[in-house]
Amino acid sequence: MTPSLRPTLLLALTLLVTGCGTFGPTPKQKQVDKHLADAREFREQGLDDSSLAALSLALEVNPKLTEAHMGMGEIFRERGDYNLALDSYEAAVAIEPNNFKAHYYLGLTNQLTGDAEQAVQTYLKALAISPQDFLANRDIASAYLQLGEPQKALPYARLATKVNPESQPAWSNLAATYSLMGEYEKAIDAYRTANELGELADPVLLGLADAHIRLGNYPRAINTLNSLILSSPSSTAHERLGYALFKMRRFEDALDQYENALQFDTEDIAALNGAGACYMTLYIEGERENRFQSERAKECWRRSVQLYPDQPRIVDLLSRYSRI
Numbered sequence: 006m007t008p009s010l011r012p013t014l015l016l017a018l019t020l021l022v023t024g025c026g027t028f029g030p031t032p033k034q035k036q037v038d039k040h041l042a043d044a045r046e047f048r049e050q051g052l053d054d055s056s057l058a059a060l061s062l063a064l065e066v067n068p069k070l071t072e073a074h075m076g077m078g079e080i081f082r083e084r085g086d087y088n089l090a091l092d093s094y095e096a097a098v099a100i101e102p103n104n105f106k107a108h109y110y111l112g113l114t115n116q117l118t119g120d121a122e123q124a125v126q127t128y129l130k131a132l133a134i135s136p137q138d139f140l141a142n143r144d145i146a147s148a149y150l151q152l153g154e155p156q157k158a159l160p161y162a163r164l165a166t167k168v169n170p171e172s173q174p175a176w177s178n179l180a181a182t183y184s185l186m187g188e189y190e191k192a193i194d195a196y197r198t199a200n201e202l203g204e205l206a207d208p209v210l211l212g213l214a215d216a217h218i219r220l221g222n223y224p225r226a227i228n229t230l231n232s233l234i235l236s237s238p239s240s241t242a243h244e245r246l247g248y249a250l251f252k253m254r255r256f257e258d259a260l261d262q263y264e265n266a267l268q269f270d271t272e273d274i275a276a277l278n279g280a281g282a283c284y285m286t287l288y289i290e291g292e293r294e295n296r297f298q299s300e301r302a303k304e305c306w307r308r309s310v311q312l313y314p315d316q317p318r319i320v321d322l323l324s325r326y327s328r329i
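In structure tokens form, the structure reads like this:
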């Protein structure tokens with residue numbers, strides 16, 4: 006190499022190594038970066054419409070920008086615009102088939118729309134990419150529970166509690182899974198762990214009370230339900246309390262709870278059946294003197310069968326006591 010060419014070659018190599026010269030961001034890339042930066046800033050300020058506009062501008066420059074599709078999906082999902090969110094996440098998945106977050110949030114949005122079956126399929130794709138992810142394991146377990154398939158939910162529910170043992174929702178999921186499988190002792194253990202991690206949500210307390218009822222722990226169920234009713238009375242809570250009291254042979258107290266349940270929901274089948282059982286039991290134990298109790302029992306059962314005809318046991322009770 007001639008001495009005169011050596012400085013020129015060294016300069017060219019230096020430019021390549023340092024990224025100088027012609028290798029900087031293109032004008033289009035600068036536009037995209039600006040729009041994305043604007044979108045993030047607007048989002049931080051709570052200006053979601055402006056953020057959406059900036060993301061749309063970024064997609065006009067580059068329609069295959071996964072970050073922009075994901076950003077729009079997040080805003081739409083948080084707003085409850087699930088169909089628009091699905092479109093955004095589906096676009097992201099199409100662009101990057103191995104993007105875990107795109108699959109996970111697509112599955113989550115499917116679940117939020119009530120399509121648990123599609124949610125499961127999408128979560129499985131996410132877990133194929135990241136098998137140990139806490140959120141995906143937790144949420145696929147809940148989707149399987151929505152489908153009434155606790156056996157399929159179990160391995161994911163267990164793994165979620167191992168990945169994040171401090172998550173109350175994960176332990177609540179595991180407890181619900183065990184309950185639906187009929188493993189009530191394990192369910193109660195999981196509920197207790199969830200309770201140690203913070204105050205239990207109303208549906209979780211109902212699940213705990215129901216597990217105690219299934220095991221015949223009626224006093225514990227009564228205590229749990231009384232606490233729940235003090236803060237969040239509902240038809241279901243009163244009905245479950247009525248059932249536990251009935252099993253303790255506290256028929257008048259049970260009747261009060263069934264009647265309370267019917268004040269919340271006049272078409273609560275279980276409460277109608279329970280009230281009928283209480284009225285008839287009180288009538289028979291009272292030496293059949295109070296005809297109102299007998300008639301009221303049959304009235305409750307008739308109403309229950311009108312609402313839900315496929316109840317052979319209640320139909321049999323009506324037939325058996327029709328002449329009383």
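Whatever position you read off the sequence shown (first residue = 1), add 5 for the working numbering. Quick reminder that beta carbons are idealized off the backbone N, C-alpha and C, glycines included. All figures in this text were calculated on a predicted structure; none of them were measured in a lab.
CB contact flag (residue i, residue j, <9 Å)
i: alanine 3; j: alanine 242; result: Only positions 6 to 329 of the chain appear in the structure, and residue 3 is not among them; the question remains open.
i: isoleucine 274; j: alanine 249; result: no
i: aspartate 144; j: glutamine 123; result: no
i: alanine 158; j: tyrosine 189; result: no
i: leucine 70; j: glutamate 95; result: no
i: alanine 330; j: leucine 60; result: Nothing about residue 330 can be read from this structure; the chain reaches only from 6 to 329.
i: alanine 276; j: glutamate 304; result: no
i: valine 98; j: alanine 63; result: no
i: leucine 179; j: arginine 163; result: yes
i: leucine 287; j: phenylalanine 256; result: yes
i: valine 168; j: aspartate 138; result: yes
i: arginine 359; j: serine 184; result: Here the chain covers residues 6 to 329 and nothing more, so residue 359 does not appear.
i: phenylalanine 105; j: isoleucine 134; result: yes
i: valine 125; j: alanine 148; result: yes
i: alanine 131; j: threonine 182; result: no
i: glycine 76; j: alanine 44; result: yes
i: arginine 82; j: leucine 113; result: yes
Span separating the alpha-carbon of residue i from that of residue j
i: serine 172; j: histidine 40; result: 37 Å
i: tyrosine 223; j: alanine 199; result: 21 Å
i: serine 299; j: tyrosine 284; result: 6 Å
i: tyrosine 326; j: glycine 212; result: 34 Å
i: leucine 202; j: leucine 322; result: 45 Å
i: valine 22; j: glutamine 34; result: For valine 22, the pLDDT reaches just 43, beneath the cut-off of 50, and the residue's location in the model is therefore unreliable, although a value from the coordinates is still provided. Rounded to the nearest angstrom, the two C-alpha atoms are 21 Å apart.
i: tyrosine 128; j: histidine 108; result: 7 Å
i: arginine 308; j: methionine 186; result: 32 Å
i: tyrosine 87; j: leucine 246; result: 38 Å
i: leucine 312; j: glutamate 272; result: 7 Å
i: glutamate 264; j: valine 310; result: 18 Å
i: serine 4; j: glutamate 292; result: Nothing about residue 4 can be read from this structure; the chain reaches only from 6 to 329.
i: proline 174; j: glutamate 290; result: 45 Å
i: alanine 302; j: aspartate 120; result: 40 Å
i: serine 177; j: arginine 84; result: 26 Å
i: arginine 318; j: tryptophan 306; result: 10 Å
i: proline 155; j: alanine 58; result: 43 Å
i: glycine 221; j: glutamate 294; result: 32 Å
i: tyrosine 161; j: isoleucine 329; result: 54 Å
i: serine 55; j: glutamate 65; result: 15 Å
i: aspartate 258; j: lysine 191; result: 30 Å
i: threonine 27; j: asparagine 142; result: Low per-residue confidence applies at threonine 27: pLDDT is 49, beneath 50, and the placement is therefore not dependable, though the value from the model is reported in the following sentence. One C-alpha to the other measures close to 47 Å.
i: serine 93; j: isoleucine 100; result: 11 Å
Test: residue i CB closer than 9 Å to a CB of chain D
i: glutamate 154; result: This model lacks chain D altogether, as it is built from one protein chain only.
Task: the segment 200-214 / the segment 232-242 touching (three or more Cβ pairs under 8 Å) - done: yes
Task: In chain order, each alpha helix (DSSP H) run of at least 4 residues that lies wholly inside the segment 212-276 - done: 223-236, 240-252, 256-269
- [ ] Return the chain-ordered ranges of every alpha helix (DSSP H) run that is complete within the segment 82-143 and spans a minimum of 4 residues.
- [x] 87-100, 105-117, 121-134
Open item on the list: At 4 residues or longer, what runs of the alpha helix (DSSP H) sit wholly inside the segment 174-208?
Closed with: Whole alpha helix (DSSP H) segments, 4+ residues: 189-201.
Open item on the list: My parser needs the beta strand (DSSP E) runs of 3 or more residues fully inside the segment 44-76; what are they?
Closed with: none
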